[in-house]
Amino acid sequence: MLKDGDWDFVDFWAHDRTEEAKLTHDLLDFLSSHMRAHPRAHIYHYANYEIAALRRLTSQHRTGEAAMDQLQRERRFVDLFRVVAGGLIASEKGYSIKDLEAFYMAKRDDQVATAGASVVAYEEWRRTRRQEILDEIRDYNRTDCISTKLLRDWLVSEVRPAGPYPVFGDTPGPKADEKVQAEEDEDEALRERLVPVGEKLGENVATLLFDLSRFHQREDKPAYWAIFDRLAQDSEDLLDDLECLQGLEATGAAIKDKRSFQREYRFPEQETKLRVGKTPCVKPATMPEGINLVALDEEARTVVLRRSTAKGPLPDRLDLLPPRPIDNRIVRKAMASTTERIIAADPRASAIVDLLTKAHPRIDCVEPGVAIVAEGRELVEGAVEAIGAMRDTVLAIQGPPGTGKTYVSAKAIVALVRTGRRVAVSSNSHRAIGNLLKGVAEEAGDQGVECRIAQKVSDPSDAGDHPAVQVVSDNEAPEIAAADVVGATSWHFARYDDAAFDHLVIDEAGQVSLANVMAMSRVARNIVLVGDPMQLPQPIQGAHPGESGLSSLEYLIGEHRTVPADRGIFLPTTRRLHDDLCAFISRAVYEGRLENDAAASAQSLVAPDGTDLAGARVVGACHEGRSQVSPEEVERVHAEIESVLGARYVDRDGEQHVIGSKDVIVVAPFNAQVNALRSALDSDVKVGTVDLFQGQEAPVCIVSMTTSDGEEIPRGVEFLFSLNRINVAVSRAKVAARVIMSPSLLDTPVSTVEQMKLVNTLCLLEEHGER
């Protein structure tokens, strides 16, 4: 920082999470104040680490978010790595800032000279508390800042052509300050209004509501960051970016009507994920601006674009960037309304308050604190009765793979309709909603119950496939008002400001955010959360403070892996898994509570030579230096498939089948390994990441772990060893699961107890297979 004509180093320290939050606030306040005092100032950094850290810290600690957003809108951050990578070829071995220092400063001779050494030194300080160690770390970081400043000066004087610095983004000034201040004032006002909530329901609930208030804005941020980052890149850098379409050149003049311009463009050969109907952003631009993608011919390499005349004529040349996030103002408004009801102690918020406080569900004839379904009671019948007897509350139904969540939900919904009640059905996807509505339609038909069902979708192709389900695309369609059961996403149900339904049943609630459940909660008096938080987690983009980033079921179940009997209903019997598979999954994931039925137990898989192939096993594949692609595991997967082809499979109905390629699922954690496997295997073998196969099953599932050892893990221990992902992968198999992996993975170093538990899952599987 330049101060009184001289460069000054200012340091901020934190030694625990509380201090980290204060540091984040103080740093953003310092940066914002400096930018206001020096309107032409910029913040220089090298590579993306510092910006990624600030984005994460401001979100996780819920402080300085508005200021950080404004600094990015004003394009204050300048990444010198991009300047170097795009502007010069260096004679050094690499392009780290320490490699480049050979051109503009003397070799470092500090005690702490690398980032890794600073981590080691800090651990030594934690043990000894010697101040000189912190001084050495400070000197290292000071030298890093000096190096960045000298690199910037060297680039300006020796590399960069003469000319003014380009100005992009928001214009700094009073309006920008007002925008930041308005958001901070809004947050402070909400904190004040939540004080009575803290006094009545607990400080944790008040804090959670405060954190949830900006959930959707934080979810949008990564998408906007990606757009802004690409706006700052050179056009040529976008050619290999699948999220973009680079180098569009107009083939002729624009066609203008009263409301819009339309123009055709040709583009260079490239692959893209952009599709017709999307509204990608345009480059060049100072701020993200959407444009209509009317037509795309990948073979002719042409597109047709349209935008309103109010935005001006279409340029001769442009690039297309990813679209802005979906407008979520409806959901945000609904969340704010629900929060105000909770603040006002409005009894209509009873169900969502029970969820936030994790209260015992209020169910007629069930005393708080006792099992929802009494021991010895037939479970499906008991679950249906409990759902029907709910009194303005929330109830969780947890169903591991193959335990009949859809079956139980459909029976409960039809029973509600039979007694004259209306039901709203929601989930994260139209497909999941349609699948449950289909189950309801079939169950109503079997019982002879008249049940009018409507599904609201944006595109008819997203709807479920059953003739009894009326598909509508208008939020105000009369079919919705007339239906007994309505299926839609949170974007529809957030529009209701009063309980038009008796029950809201949320399928796959382990993937539906707590925030979206809050937004939908006004639509019904009771909320039923159906799903399994031990399967794939919700798709989440942003970094969220506290528990505000959890799914509704994750939050309700808390530290448990299975829902306690007095808080919800656990479906304990899988109709999919062979005895050996069930034993492993039950022990590793479901606290020993999962069992299988007699028909699943009777399944078998026997090779032509009489070898019993049933069960879950680890299969070793030795390799080194493999990260996201392992040819050795591709070869081993092929061999495992060959070993099961032709085997005799007896299914749960006692029928015999000969195993073919279509009876095998292959799962890998990385797309690169998926592509390598697809190239090597028979086209009838289904191959994909675990996300592709949730809800599917096959007699045989083979999992390729791919990575050689802990040092090669590209996305961290938490991703590769994720208990949820291993659970979903192994439980796709009905009778045989094989996990192909390098034995060195079991020696992966861990730094937390949670990481130790994750690695231990594969140790448990290896032990299980040796019995």
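In terms of UniProt numbering, the sequence shown opens at residue 1 and continues consecutively. Think of the CB as a built atom: it goes at the ideal place given N, C-alpha and C, for glycine as much as any other residue.
Burial state of residue i, where buried means 16 or more other Cβ atoms lie within 10 Å
i: S586; result: buried
i: P166; result: Low per-residue confidence applies at P166: pLDDT is 48, beneath 50, and the placement is therefore not dependable, though the value from the model is reported in the following sentence. P166 comes out exposed.
i: R567; result: buried
i: A253; result: exposed
i: E554; result: buried
i: S213; result: buried
i: V120; result: exposed
i: E123; result: exposed
i: C244; result: buried
i: P322; result: buried
i: F12; result: exposed
i: T393; result: buried
i: residue 776; result: The question about residue 776 has no answer, for the chain in this structure spans 1 to 771.
i: T251; result: exposed
i: Q246; result: buried
i: I326; result: exposed
i: E219; result: buried
i: Q696; result: exposed
i: Q535; result: buried
i: Q72; result: buried
i: H623; result: buried
i: D316; result: exposed
i: L242; result: exposed
i: V664; result: buried
i: M756; result: exposed
Inter-residue CB distance, residue i and residue j (contact presumed, cutoff 8 Å)
i: A412; j: A383; result: 7 Å
i: Y265; j: L201; result: So it is not a contact: roughly 56 Å between Cβ atoms.
i: L194; j: F210; result: 6 Å
i: L248; j: R275; result: Not a contact, Cβ separation roughly 16 Å.
i: G531; j: K405; result: 7 Å
i: Y44; j: R152; result: 5 Å
i: Q398; j: V563; result: 5 Å
i: L577; j: G420; result: No, L577 and G420 are not in contact; Cβ-Cβ is about 39 Å, not under 8 Å.
i: I51; j: F77; result: 6 Å
Strand pairing of residue i, partner residues [DSSP]
i: H503; result: V423 and N526
i: L318; result: L248
i: L305; result: R263 and L293
i: D612; result: V606
i: T573; result: E595
i: M390; result: I363
i: G568; result: A396
i: Y44; result: V78
i: W491; result: Note: W491 sits in no beta bridge, so no partner.
i: P323; result: P280
Proximal residues to residue i (C-beta, below 8 Å), its chain only, five neighbours per side dropped
i: P539; result: N428 and Q511
i: L437; result: V425, I453, Q455, G464, H466, V469, V485 and G487
i: S473; result: K456, V457, S458, D459 and P460
i: V658; result: G646, A647, R648 and Y649
i: P268; result: L239, Q246, G247 and R301
i: L395; result: P361, I363, I372, A386, I387, N526, I527, V528, L529, G568 and I569
Distance cut-off 6 Å: residue i Cβ against heavy atoms of the ligand NAD
i: R193; result: Ligands displayed in this structure: none; no statement on the ligand NAD is therefore possible.
Residues of its chain near residue i, where Cβ-Cβ distance is below 7 Å and the 5 sequence neighbours each way are ignored
i: E443; result: A410, K411 and V414
i: A524; result: A424, A499, F501, D502, H503 and L504
i: I330; result: W491, A494 and R495
i: R636; result: V619, A621 and I740
i: R62; result: D211 and P545
i: F9; result: R142 and C145
Close beta carbons around residue i, own chain, < 6 Å, minus the five adjacent residues each side
i: E618; result: Note on residue identity: the sequence assigns Val, not Glu, to residue 618. Answer for V618: V739, L765, E766 and G769, listed in chain order.
i: G163; result: With a pLDDT of 47 at G163, under the threshold of 50, the modelled position of this residue cannot be trusted; read the value that follows with caution. Nothing meets the Cβ criterion.
i: F168; result: With a pLDDT of 49 at F168, under the threshold of 50, the predicted position of this residue should be treated as unreliable, though the coordinate-derived value follows. So the qualifying residues of the chain are R75 and T286.
i: V180; result: A66, A67 and Q70
i: E640; result: I702 and R738
i: R678; result: V687
i: A607; result: L613 and A647
| query | Counting Cβ pairs, one atom from each stretch, are 3 or more of them under 8 Å apart for the segment 74 to 90 and the segment 120 to 131? | reply | These segments do not touch.
| Within the chosen definition, does the segment 574 to 591 reach the segment 744 to 757 through at least 3 CB pairs nearer than 8 Å? | no
| query | Should the segment 564 to 578 be called in touch with the segment 504 to 519, which here means at least 3 C-beta pairs below 8 Å? | reply | no
| Would the segment 685 to 693 and the segment 706 to 715 be scored as touching if the rule is three or more Cβ pairs under 8 Å? | no
| said: Check whether the segment 16 to 36 and the segment 61 to 68 are in contact - that is, three or more C-beta pairs closer than 8 Å. | reply: By the Cβ criterion, the segment 16 to 36 is in contact with the segment 61 to 68, since at least three pairs of Cβ atoms, one from each stretch, lie closer than 8 Å.
| query | Do the segment 528 to 543 and the segment 357 to 369 make contact, defined as three or more Cβ pairs closer than 8 Å? | reply | no
| query | If we count Cβ pairs, one from each stretch, closer than 8 Å, do we get three or more for the segment 668 to 676 versus the segment 758 to 767? | reply | Put simply, the segment 668 to 676 does not touch the segment 758 to 767. Fewer than three CB pairs are less than 8 Å apart.
| Stretch-stretch touch, CB-based, cutoff 8 Å, three pairs: the segment 720 to 728 with the segment 596 to 604 | no
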